[in-house]
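**Student:**
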Amino acid sequence: MSSNKPKVAVFKFASCDGCQLSLLDAEDELLAVAGAIDIVYFPEASRRMLKGPYDVTLVEGSITTHHDADRIQQVRRQSKLLVTIGACATSGGIQALRNWKDVNEFVHLVYAKPDYISTLKLSTPIAEHVPVDLEVRGCPINKYQLIEVISALLAGRKPNLPSYSVCIECKRRANVCLAVAVGTPCLGPVTQAGCGALCPSYGRGCYGCFGPMESANTAALAAQFRVLGATEPEIQRAFRSYSAWAWQFRQASEEAQHR
Amino acid sequence: MSTTTEVSPKSGIINIKVDCLARVEGEGALYVKLKGERIMDVKLKIFEPPRLFEAFLRGRHFSEVPDITARICGICPIAYQMSSIHAIERALGVEIKPEIRALRRLFYCGEWIESHALHVYMLHAPDFLGYQDVIEMAANHKPEVEQALRLKKIGNELVRIIGGREIHPVSACVGGFHRAPSKAELAALRDELAWALDASIATVRLVAGFPFPNFEQDYEFVSLSHPEEYPFNEGRIVSSRGLDIDISQYEDHFMEQHVKHSNALHSVLRERGSYMVGPLARFNLNYERLPEVARQAAEEVGLRPPVLNPFKSIVVRAVELVFACAEAIRLIDEYRAPEEPKVQCVARPSTGAGATEAPRGLLYHRYVLDSSGLVLEGKIVPPTSQNQKRIEDDLWRFIPQLITQPVEEITLRCEQAIRNYDPCISCATHHLKVHLERL
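Residue numbers (the numbering used here), protein chains in the order written: chain A, 1 to 259; chain B, 260 to 698.
(1) By Cβ distance, which residues of its chain are closer than 8 angstroms to residue 551 of chain B, with the 5 residues on each side in sequence left out?
(2) Which of helix, strand or coil does DSSP assign to residue 208 of chain A?
(3) Residues of chain A with CB closer than 9 angstroms to the CB of residue 332 of chain B, please, in chain order.
(4) Rounded to the nearest angstrom, what separates residue 400 of chain B and residue 394 of chain B at their Cα positions?
(5) Kindly indicate which three-state DSSP category residue 274 of chain B falls into: helix, strand or coil?
(6) Give me the Cβ distance between residue 679 of chain B and residue 542 of chain B, rounded to the nearest whole Å; I'm assuming they're in contact under 8 angstroms.
(7) List, in order along the chain, the chain B residues whose C-beta lies closer than 9 angstroms to that of residue 107 of chain A?
(8) Is the Cβ of residue 338 of chain B closer than 7 angstroms to any Cβ of chain A?
(9) In terms of alpha-carbon separation, which member of A/211, A/234, A/215 lies closest to residue 222 of chain A?
(10) Using a threshold of 7 angstroms, state whether the C-beta atoms of residue 200 of chain A and residue 217 of chain A are closer than that.
(11) Comparing the C-beta of residue 639 of chain B with each C-beta of chain A, is any distance below 7 angstroms?
(12) Please give me, in chain order, every unbroken run of the alpha helix (DSSP H) with length at least 4 that falls completely inside the segment 291-376 of chain B.
(13) If you follow the alpha helix (DSSP H) that residue 35 of chain A is part of, which residue opens it and which one closes it?
(14) Which residues mark the beginning and the end of the alpha helix (DSSP H) in which residue 84 of chain A is found?
(15) Just list the residues that DSSP pairs residue 192 of chain A with in beta bridges.
(16) What are the residues in the segment 425-443 of chain B lying within 7 angstroms of chain A by C-beta distance?
(17) I think residue 534 of chain B touches residue 482 of chain B, with their Cβ atoms under 8 angstroms apart; what is that distance to the nearest whole Å?
(18) Classify residue 473 of chain B: buried if its beta carbon has 16 or more other beta carbons within 10 angstroms, exposed otherwise.
(19) Any beta carbon from chain A within less than 7 angstroms of residue 508 of chain B's own beta carbon?
(20) Expressed to the nearest angstrom, what Euclidean distance is found between the alpha-carbon atoms of residue 426 of chain B and residue 294 of chain B?
(21) Where DSSP assigns a beta bridge to residue 145 of chain A, which residues make up the other side?
(22) Any idea what DSSP makes of residue 528 of chain B, helix, strand or coil?
(23) Give the secondary structure of residue 397 of chain B by DSSP, where H, G and I count as helix, E and B as strand, and everything else as coil.
(24) Let me confirm a value: residue 598 of chain B is counted as buried when at least 16 other C-beta atoms fall within 10 Å, else exposed. Which label applies?
(25) By Cβ distance, which residues of its chain are closer than 6 angstroms to residue 343 of chain B, with the 5 residues on each side in sequence left out?
(26) Per DSSP, which one or two residues make a beta bridge with residue 625 of chain B?
(27) Would you verify that the beta carbon of residue 198 of chain A is, or is not, closer than 7 angstroms to some beta carbon of chain B?
(28) Under 7 angstroms, CB to CB, which of the residues in the segment 211-237 of chain A have a partner in chain B?
(29) Counting only the same chain and skipping the five closest in sequence on each side, list residues whose C-beta sits under 8 angstroms from that of residue 475 of chain B.
(30) By the DSSP assignment, the beta strand (DSSP E) with residue 54 of chain A in it spans what residues?
(31) May I have the straight-line CA-CA distance separating residue 565 of chain B from residue 181 of chain A, to the nearest angstrom?
(32) When you compare each of B/595, B/638, B/656 to residue 359 of chain B by their alpha carbons, which one comes out closest?
(33) Taking all protein chains shown into account, decide if residue 90 of chain A is buried (16 or more other Cβ within 10 angstroms of its Cβ) or exposed.
(34) Might you give, ordered along the chain, the residues of its own chain that have their beta carbon closer than 6 angstroms to the beta carbon of residue 390 of chain B, omitting 5 neighbours on each side?
(35) Give me whichever residues DSSP pairs with residue 41 of chain A in a beta bridge.
(36) What in chain B is Cβ-close to residue 6 of chain A, meaning under 7 angstroms?
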């Protein structure tokens, strides 16, 4: 099945598989997408695993082992365009919570024979290891953003991805602001849009699963959380979740930790 | 597919290594070592990097736990949300309203439909029909693949309406839901679910016609069991060899072993060793609690408990699709939006265990909380950890049937045998390679 269609590969590192599953979850678009590109390496979906070079490589997951630190170098060498998908690949993911702890102690907590386990001290995003051409945010990513990225790359244009905050999406949905009206702590003002303001639409504060927007004013938001009565450990936990290692959130959680 | 075969002519050893097992969730490998017609070794290696969830849950507030544990698995996040929520509610002594209980069952129906449709058609059927993947299969079986996608979509729609999105939904919480859907939102799904029910019955007929290896095993099956209903969220833990315990007694009877070749712990019954969880276990232990329409679909293709051939798990999954669609329709018809979507939960020093039926089988969680509601200790035993030893045991017994076959055939059939379990390796370490060595 060789063709002139762009060759696409999907690689996984430390992650939950959810972001690559988003491609299979695009039920209405999957067969059309599969018709426009040649998916030559996608172990979650196929036994067919062809060697590179690849035109577009989607990378899910963070780097947490020596083996994976080597593997991402090989993946980069085989890939014309490398796109990271999801919070693990773009910021280290939830497993980056180890970065503030002694990883050996963590391994001892989970495994009876820690010497069987090989793991790095830090969980780090792909961009800390190799150049990344494009990042798709989210824990998980929004499948329509993934299709937009694939379509744009096929058409040779820049993908249209938002860089504003969740607040804009909330206003578009005409949601009542939970932070202002109810006093609910909400990470919406500092979180990149893309989810469609999901949590506020479901009656809860945004918990930041799309990670920080570029110009996030986390200090101002933390101050507002204090006004709403949040304690420093609560503020620390709020910034320390699915994109904890992204520098804006890292800085904010460390500030709360040291106050 | 990255398979390497090493043949050593002097010793007659053949090593088959499948370095990256395809069509499973996560990263694993299989090593098989053969000498002549003897199996020297079988190892299912899970090298999915450890993510250490149980460690970083410490110090988090109980209200954060369902969102965090969902991130263990993108395929079955609802299972992780449900098991953690039930464990924490048991710890805190929270009683939920019947409307919330029914809504959780409906939410779970969505995940079963989505996950089973994915596995039956897109991950497992290509093995039976001789394709590398569903895209290749679509070239010759377009109507079936379209049916699969539509089925999967309705499962995802149900999850999306209730939970906000398909993967890592945001609405479920300790005490209930952040938001309960309106009757009208759910009723809008009813026609499509009626189609899905018919499509699921057609799926049972389709997959029952696949060729199955003659392979039956004397399994100990383990699942939840509830006196009135096919199990999702509630019940006692029972087995086909007489185990009948409350969820809180799980760790008295089951233990996890750490083996060198895997980043996933092997769970065994203390007294008796390996066991099986998942569709076969649920079906065999709870057949009478299936609704009439699901039992009829099974009867029609001659499927009766006990089903002892793991390759027929694909048929049982299809029967469970019928169940999940019928149950979803019933729950939507009876749905009344709760007055309050959640009940208040007050922190106290406590311990609670919870277990629910993930699409792949029993998922056990236990938490110890302090007086301010922070997690002191968490324990999570995913279905694939529980099945991992059993998968290796199956391979030891199944490979002799294949031993005279070419390496490619042995490799493919071994992979198929692993996929019988719909293993979720992201869960179990929280991938699959096959390595076959012939001596």
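Ideal Cβ positions, reconstructed from N, Cα and C, are used throughout, including at glycine.
**Tutor:** Short version:
(1) Reading the second sequence from its first residue, position 292 is the one you call residue 551 of chain B. For residue 551 of chain B, where only same-chain residues beyond five positions count, there are no Cβ hits under 8 angstroms.
(2) Your numbering for residue 208 of chain A matches position 208 in the first sequence. Residue state, collapsed to three classes: coil.
(3) One-based indexing of the second sequence puts residue 332 of chain B at position 73. What residue 332 of chain B touches in chain A: 16, 17, 18.
(4) Mapped onto the second sequence, residue 400 of chain B falls at position 141. Mapped onto the second sequence, residue 394 of chain B falls at position 135. Each residue's alpha carbon lies about 10 angstroms from the other.
(5) In the second sequence, counting from the first residue as 1, residue 274 of chain B sits at position 15. It is a strand residue.
(6) In the second sequence, the residue the question calls residue 679 of chain B occupies position 420. In the second sequence, the residue the question calls residue 542 of chain B occupies position 283. Contact doesn't hold; Cβ gap of about 14 angstroms is too wide.
(7) Residue 107 of chain A sits at position 107 when you count from the first residue of the first sequence. Chain B residues near residue 107 of chain A: 309, 311, 314.
(8) If you number the second sequence from 1, residue 338 of chain B lands on position 79. Output row for residue 338 of chain B: interface = no.
(9) Translated into the one-based positions of the first sequence, residue 222 of chain A becomes position 222. Scanning A/211, A/234, A/215 for the CA closest to the CA of residue 222 of chain A turns up A/234.
(10) Walking along the first sequence from the start, residue 200 of chain A turns up at place 200. Walking along the first sequence from the start, residue 217 of chain A turns up at place 217. Not in contact: residue 200 of chain A and residue 217 of chain A (Cβ atoms no closer than 7 angstroms).
(11) As a first step, residue 639 of chain B must be located in the second sequence, where it is residue number 380. No, no contact with chain A.
(12) 312-315, 324-329, 336-351, 357-376
(13) The residue you call residue 35 of chain A lines up with position 35 of the first sequence. Unbroken alpha helix (DSSP H) run through residue 35 of chain A: 30-36.
(14) Residue 84 of chain A sits at position 84 when you count from the first residue of the first sequence. Run containing residue 84 of chain A: none in the alpha helix (DSSP H); it sits in the beta strand (DSSP E), 79-85.
(15) As a first step, residue 192 of chain A is located in the first sequence; it is residue number 192 there, counting from the start. Answer is A/165.
(16) 425, 426, 427, 429, 430, 437, 438
(17) Here residue 534 of chain B refers to the residue found at position 275 of the second sequence. Here residue 482 of chain B refers to the residue found at position 223 of the second sequence. Rounded, the Cβ-Cβ distance is 10 angstroms, inconsistent with contact.
(18) Here residue 473 of chain B refers to the residue found at position 214 when the second sequence is read from its first residue. Classification of residue 473 of chain B: exposed, given that the 10 Å Cβ count is below 16.
(19) The sequence position of residue 508 of chain B within the second sequence is 249, counting from 1. Not an interface residue.
(20) In the second sequence, counting from the first residue as 1, residue 426 of chain B sits at position 167. In the second sequence, counting from the first residue as 1, residue 294 of chain B sits at position 35. C-alpha separation (whole angstroms): 45 angstroms.
(21) Position 145 of the first sequence, counting from 1, holds the residue named residue 145 of chain A. Bridge partners of residue 145 of chain A: none, in fact.
(22) Locating residue 528 of chain B in the second sequence gives position 269, where the first residue counts as 1. Strand, per DSSP.
(23) What you label residue 397 of chain B is simply residue 138 of the second sequence in a count that begins at 1. Residue state, collapsed to three classes: helix.
(24) Residue numbering aside, residue 598 of chain B sits at position 339 when the second sequence is read from its first letter. By the 10 Å Cβ count, residue 598 of chain B comes out exposed.
(25) On the second sequence, position 84 is the one that residue 343 of chain B refers to. These residues qualify, in order along the chain: 324, 325, 328, 624.
(26) Looking up residue 625 of chain B in the second sequence gives position 366. In DSSP, residue 625 of chain B forms a bridge with B/612, B/638.
(27) Residue mapping note: residue 198 of chain A aligns to position 198 of the first sequence, counting from 1. Cβ-Cβ to chain B under 7 angstroms: yes for residue 198 of chain A.
(28) 237
(29) In the second sequence, residue 475 of chain B corresponds to position 216, counting from 1. Excluding residues within five positions, the ones whose Cβ falls inside 8 angstroms are 567, 568.
(30) Taking the first residue of the first sequence as position 1, residue 54 of chain A is located at position 54. Element bounds for residue 54 of chain A: 54-60.
(31) Locating residue 565 of chain B in the second sequence gives position 306, counting from the first residue. Locating residue 181 of chain A in the first sequence gives position 181, counting from the first residue. For residue 565 of chain B and residue 181 of chain A, the distance between alpha carbons rounds to 57 angstroms.
(32) For the purposes of this step, residue 359 of chain B is taken as the residue at position 100 of the second sequence. For the residues B/595, B/638, B/656, the minimum Cα distance to residue 359 of chain B belongs to B/595.
(33) Within the first sequence, numbered from 1, the residue matching residue 90 of chain A stands at position 90. Residue 90 of chain A is buried by the Cβ-count criterion.
(34) Start at 1 with the first residue of the second sequence, and residue 390 of chain B comes out as number 131. Answer for residue 390 of chain B: 396, listed in chain order.
(35) On the first sequence, position 41 is the one that residue 41 of chain A refers to. A/9, A/49, per the DSSP bridge assignment.
(36) Here residue 6 of chain A corresponds to residue number 6 of the first sequence, with the count starting at 1. In chain order: nothing, as chain B lies at least about 15 angstroms away.
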